[in-house]
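Undergrad: Numbering (mature numbering (1 follows the signal peptide of the UniProt record, and there is no 0)), first residue to last: -19 to -1, 1 to 129. Positions of the beta carbon are idealized from the N, C-alpha and C atoms, including for glycine. Bear in mind that the values here come from a model prediction, so they are computed numbers and not experimental data. Okay, handing you the structure first.
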Amino acid sequence: MKTVAITLVLCFVAPMAFAKPTTCRSWQGMEVPYLGDVTLETLGGAQLDRAGRPIILLNPDMLNTFSPLAREFWLAHTCGHHALTPQYNNEEEADCFAMRSLGKKKIRADEKWESLFEELHALPNGSWPEHQPDTARIEALRNCEVPD
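Right, dumping it as C-alpha cells:
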C-alpha cells in the first residue's frame, strides 16, 4: 500500500513541484529518470532502483529552496554520477560534468558563473548533505574545462 501511495505522489505531485530537468543518460546510454519523493529526509541523489537501473531520486520541496541556477547545477551534478564511467565517477568529475552541462545550455557570461559560485557558497549548511560546496570546492569549479 505504501508503494501505491508513493507512486501516486510521484505521478501527481512531483511533476508540479519542479520544472522538468534536462534529460540525463547513463554512461551505458540508458535514460535516467528523475523521481520526486517529498517524504525523503534528504535532498536525494543518484541511486539504483530495485532492478539495478539508474535513477535520480530527489525531494522537490528541498530542491525548490535552491535558486534556479544552484538547482540546475545540483541536477547536472547528480546526473554526472550516472553519466560518467565508473573510473571517473567521483565528486570532482561530477562537478565538472555539471559545469560543462551548464556551459552548453545555460551559462555564457562570466557574471553568471560568478553568480552560480556565490549561490553555491550561500547554500545553508546541510542543504546538500555530504556534498556541501565549500570554498575549496567552489574554487575547483573554476578549473573545470567548460565549452565556449
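Does the distance from the CB of GLY25 to the CB of ASN40 come in under 8 angstroms?
TA: In the sequence shown, residue 25 corresponds to position 44, counting from 1. In the sequence shown, residue 40 corresponds to position 59, counting from 1. Yes, the Cβ-Cβ distance between GLY25 and ASN40 is below 8 angstroms.
Undergrad: Under 8 angstroms, with one C-beta from each stretch per pair, do the region 64 to 72 and the region 83 to 102 reach the 3-pair mark?
TA: no
Undergrad: Straight-line CA distance for LEU14 to GLY33?
TA: The residue you call residue 14 lines up with position 33 of the sequence shown. The residue you call residue 33 lines up with position 52 of the sequence shown. The residue you asked about is not Leu; residue 14 is Pro in the sequence shown. Here the C-alpha atom of PRO14 lies approximately 13 angstroms from the C-alpha atom of GLY33.
Undergrad: Take the Cβ of LEU29 as the centre, count every other Cβ of all protein chains shown within 10 Å, and call the residue buried at 16 or more, exposed below.
TA: Locating residue 29 in the sequence shown gives position 48, where the first residue counts as 1. The residue in question, LEU29, is exposed, as its Cβ has fewer than 16 Cβ neighbours within 10 Å.
Undergrad: Under 8 angstroms between the Cβ atoms of TRP109 and TRP55?
TA: The residue given as residue 109 occupies position 128 in the sequence shown. The residue given as residue 55 occupies position 74 in the sequence shown. Contact flag set, yes.
Undergrad: Since LEU83 contacts ALA57 with CB under 8 angstroms, what's their CB separation in whole angstroms?
TA: Mapped onto the sequence shown, residue 83 falls at position 102. Mapped onto the sequence shown, residue 57 falls at position 76. Contact flag correct, Cβ pair sits at about 6 angstroms.
Undergrad: At what residue ranges does the region 48 to 124 contain a whole run of the alpha helix (DSSP H), taking only runs of 4 or more?
TA: 49 to 64, 72 to 86, 91 to 102 and 116 to 122
Undergrad: Determine the closest residue to ASN106 out of ASN124, ALA75, ALA64 and MET43, with distance taken between C-alpha atoms.
TA: Position 125 of the sequence shown holds residue 106. When only C-alpha atoms are compared, the closest one is MET43.
Undergrad: Go through its chain and collect everything with a Cβ distance to CYS125's Cβ below 8 angstroms, but skip five positions before and after it.
TA: The count along the sequence shown starts at 1 and reaches residue 125 at position 144. Only ASP76, CYS77, MET80 and ARG81 meet the Cβ criterion.
Undergrad: How far does the alpha helix (DSSP H) with residue 200 in it reach, from first residue to last?
TA: Look at the range of the chain in this structure, -19 to 129, and you will see that residue 200 is not part of it.
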